[in-house]
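Presented below is the structure to which this report refers.
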């Protein structure tokens, strides 16, 4: 019987609030490693069923799809813990564990209600992760993050309630997209995945977390949403077009960005777009490609954010315009960052090469030529913004004069582990193919595929250096879709609010004047009431006024 890893990690997180900083180093870390090892040998199973309000809830379901996310989530939790072990804010590590444990529990949930509960715990814990830096920017970003996920949660809950009411079934399997209630769930999942036009919450919030908090944030929320879409809505054609929009949206804004962690945050949007395209195609090859790409993406994205986080930790700077030349004093961080950049660019013999290409192959296999063409063009764009731009402006380019050393040993160790996975999974793709939901009939290492990819990357690299003067960033701010909510919509809301307040005042004055006239005409002369009330005790006066008001209301009703 498999031990429920998610529950264990959540408990470790809560215990960390009350114990010393060494608790996570000596207890949480080895337990997480044991949970990871146990997950490698677990077979398909269900368990931990409870009956709640006449509904059977399944807290543990392991099958081909959930196993992929279970293993990579546990691996990410382990590496993230190593990286953050020097974090002075022990509450942040505890929230990170609760966040990670909830993500693990969500992908193990076999029913919609359990899945929803764990997703909401994730939203709460991740909000506190963003608030962990205790700055004004993190406070406002965390507030916006909480609002958007509360909205998504409401949509999902309404949809789940409708599905249960109409079908009486709470099982989390493939959902009928034609049903109005499942459309609510679908939109909620898309918001959590960072689908356009709701993508901006990712670059708005993740960069405001600490150097270690952003590493955890990159792994769980959007990938849990990808899992939920693969589980509930495979083959939904709309996902193909939404995914393509996300892909190019992420590329464009990443190229415009100056903040290195915002570059990588937009890259998350871009990469999730590839996964949604795979989910939309919906074939076995496409589902394998989307789930394996989610696996690889979690690892190389965490590696890139660890590299960026190490630079932030050692220099206190995050903008590309303030950095450069760091390869001289941070060679290990630079090498690990370049490995992550090659992996995200699908360079041959890296993890991205053997996973992302499965989605393109699935599109070609279904004769979706324009989708295939868009994915190929997007692969070149990924190399531009994450494969070259991030390492070039941070570690090379101009000499900023900064000479910080590489980060502490625990941070280096976590980057070593993830770098090894990025390379080993590329060299031995069968390691990841063996855990995918369906049997894999795909060979990534053909001469034509390798040559095509190298030509594509070479062309993209040439284009980068040709356009380098245009890509050099200044101290500017890129306006994203959320600017509409922050500025025009906020201004419109305040304008409407002022108009309503003014209208309320005018209505109140008009009603008051009308009531005075009717009151004086139908009840008594105001001068007489003054004489009567002069010298009255306060309690008698109040009682008299209440009687008068009640009488007045009765007259109004009758008349």
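Numbering (our numbering), first residue to last: 656 to 1214. Positions of the beta carbon are idealized from the N, C-alpha and C atoms, including for glycine. Just so it is clear, the structure is predicted and the values come from calculations on it, not from any experiment.
Check: Backbone CA spacing between residue 773 and residue 985 [nearest angstrom]; Outcome: 39 Å
Check: Simplified DSSP assignment, three categories, for residue 824; Outcome: coil
Check: Burial state of residue 850, where buried means 16 or more other Cβ atoms lie within 10 Å; Outcome: buried
Check: Rounded C-alpha distance that separates residue 827 from residue 712; Outcome: 10 Å
Check: Residue 1159 burial status per 10 Å Cβ neighbour count (16 or more: buried); Outcome: exposed
Check: For residue 938, three-class secondary structure by DSSP; Outcome: coil
Check: Residue 716, DSSP secondary structure in three states; Outcome: strand
Check: contact_flag[the region 885 to 894, the region 832 to 843] where n(CB pairs < 8 Å) is 3 or more; Outcome: yes
Check: Whole runs of the alpha helix (DSSP H) within the region 890 to 922, excluding any shorter than 4 residues; Outcome: 893 to 911
Check: Where the alpha helix (DSSP H) containing residue 705 begins and where it ends; Outcome: Element bounds for residue 705: not the alpha helix (DSSP H) but the beta strand (DSSP E), 700 to 707.
Check: Touch test, the region 856 to 874 against the region 774 to 787, Cβ-Cβ under 8 Å, three pairs minimum; Outcome: yes
Check: Inter-residue Cα distance where the pair is residue 910 and residue 1048; Outcome: 12 Å
Check: DSSP state of residue 1096 mapped onto helix, strand, coil; Outcome: coil
Check: Straight-line gap, residue 1013 to residue 658 (C-alpha atoms, nearest Å); Outcome: 32 Å
Check: Helix, strand or coil at residue 859 [DSSP, three-state]; Outcome: helix
Check: C-beta atoms of residue 1010 and residue 1087 nearer than 8 Å; Outcome: yes
Check: Three or more C-beta pairs below 8 Å linking the region 683 to 699 and the region 718 to 737; Outcome: yes
Check: For residue 1171 and residue 1188, the rounded distance between their alpha carbons; Outcome: Interpretation of residue 1188 is limited by its pLDDT of 49, a score under 50 that renders its predicted location unreliable; the figure taken from the coordinates is listed afterwards. Approximately 18 Å between the Cα atoms of the pair.
Check: Burial state of residue 904, where buried means 16 or more other Cβ atoms lie within 10 Å; Outcome: buried
Check: Residue span of the alpha helix (DSSP H) that contains residue 742, given as start and end; Outcome: Neither: residue 742 is in no alpha helix (DSSP H) and is coded neither H nor E.
Check: 7 Å Cβ shell around residue 815 - same chain, five flanking residues per side excluded; Outcome: 767, 768, 771 and 840
Check: Check whether residue 875 and residue 755 have beta carbons under 8 Å apart; Outcome: yes
Check: Residue nearest to residue 1067 in terms of C-alpha spacing, selected from 1101, 991 and 1108; Outcome: 991
Check: Option in 790, 777, 1057 and 873 with minimal Cα separation from residue 808; Outcome: 777
Check: Beta-carbon gap between residue 928 and residue 944 smaller than 8 Å; Outcome: no
Check: Nearest-angstrom beta carbon gap, residue 1038 and residue 1116 [assumed within contact, 8 Å]; Outcome: 7 Å
Check: Cα-Cα separation between residue 818 and residue 936, rounded to whole angstroms; Outcome: 25 Å
Check: Touching by the beta-carbon criterion (3+ pairs, under 8 Å), the region 1025 to 1041 and the region 1053 to 1061; Outcome: no
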